[in-house]
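Undergrad: What follows is a structure written as structure tokens; I'll ask about it next.
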Amino acid sequence: MTDFTPHYHRIEQALRALVARSAPHDPLPSEPELAREHGVSRMTARAAVTNLVSAGLAYRSPGRGTFVAVPAAPRRADNLVRFSDEMRRQGRTPSSRIVDAAVRSATAAETARLQLGSGASVVAISRVRLADGVPVAAERAVFPGALAALLDADLVNGSLHAAVTALGRVPTRGTATLTAAAATRADARLLSLPAGAPLLVERRLILDEREVPLELTESRYAGSRYHLDVAFGVSSLL
């Protein structure tokens, strides 16, 4: 039987197995080594390693290589971790419920943030993210219209970022704004919360490996079901 699993996904799974039997700070194979071992391009190998880093399972040290990360607690505010990976790491089963998914005209704000041309289209995907069947977040993600093939991906059980990577765009870094909000009636319906319940709202812009805007997302988390850890330094005041 023919195996249609993307090469980068097979490499990522092999790396995850290696991480599981390794100690924190152990070195992982380099991208050239992975490319040779699996018979793929270096870009494909890089996509697999990037997914591992994004999941918080590995870290890169410039000039030295990639290493096994110290097991993480709940997500830190300075680290974007895929929701599905985050929930699995907590021993919970992730899934999604599709609210809406379509190609439409970009708004003025989307055109500016994603650096699109006049009259451009976007792929807009709205989902409810669940853990063990319990709604945790209402998510609205917008991508450039060139990624319309995302609508053919498994958006219920699969990873949206994995689908984006399979289309040749690797989510690499981003910026986010965190605010608090009260649940609207629409939020309450999607998240099975009372209207007015506290939410943590994250708005983020993600860039790809070429520093090109890739994803504009708003995630509205049920405050009682999700939290972030924040690491900080303390400056002396004179």
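Residue 210 in my numbering sits at position 229 of the sequence shown, and the numbers go up by one each step.
The beta-carbon is built from N, C-alpha and C at its ideal position, and this holds for glycine as well.
Exposed or buried, residue 67, counting other C-beta atoms within 10 Å across all chains shown (16 or more means buried)?
TA: Its Cβ being crowded by 16 or more others within 10 Å, residue 67 is buried.
Undergrad: Among the residues of its own chain, which have a CB less than 6 Å from the CB of residue 151, if the five just before and after it don't count?
TA: Same-chain partners within the cutoff: 28, 31, 189, 190.
Undergrad: Between which residues of its own chain and residue 171 is the CB-CB distance below 8 Å, once the five residues before and five after are set aside?
TA: Once the five neighbours on either side are set aside, the close Cβ partners of residue 171 are 80, 109, 116, 119.
Undergrad: Would you report the Cα separation of residue 91 and residue 77, rounded to the nearest angstrom?
TA: Each residue's alpha carbon lies about 24 Å from the other.
Undergrad: How should residue 201 be labelled, buried or exposed, when 16 other C-beta atoms within 10 angstroms of its C-beta is the threshold for buried?
TA: It counts as buried.
Undergrad: Just to confirm my understanding: we take residue 8, look at its own chain, exclude 5 residues before and 5 after, and list those with CB closer than 7 Å. What are they?
TA: The residues are 46, 48.
Undergrad: Can you tell me whether residue -1 is helix, strand or coil according to DSSP?
TA: In this structure, residue -1 counts as helix in the three-state DSSP scheme.
Undergrad: Would you tell me roughly how many angstroms separate the C-alpha atoms of residue 133 and residue 3, rounded to the nearest one?
TA: Going from the Cα of residue 133 to the Cα of residue 3 covers about 36 Å.
Undergrad: Can you tell me where the alpha helix (DSSP H) with residue 190 in it begins and where it stops?
TA: Neither: residue 190 is in no alpha helix (DSSP H) and is coded neither H nor E.
Undergrad: Using the three-state DSSP reduction, which class does residue 156 fall into: helix, strand or coil?
TA: Three-state DSSP puts residue 156 in a strand.
Undergrad: Would you mind giving the Cβ-Cβ distance between residue 197 and residue 111, rounded to the nearest angstrom? I have them listed as a contact below 8 Å.
TA: Not really, about 22 Å apart at Cβ, beyond 8 Å.
Undergrad: Return the bridge partner residues of residue 139 from the DSSP annotation.
TA: Bridge partners of residue 139: none, in fact.
Undergrad: Distance, Cα to Cα, residue -3 vs residue 33?
TA: Straight-line Cα distance between these residues: approximately 7 Å.
Undergrad: With DSSP as the reference, please indicate the residues paired to residue 76 in a beta bridge.
TA: According to DSSP, residue 76 bridges with 111.
Undergrad: Along the chain, where does the beta strand (DSSP E) containing residue 41 start, and where does it finish?
TA: Note, residue 41: beta strand (DSSP E), 39 to 42.
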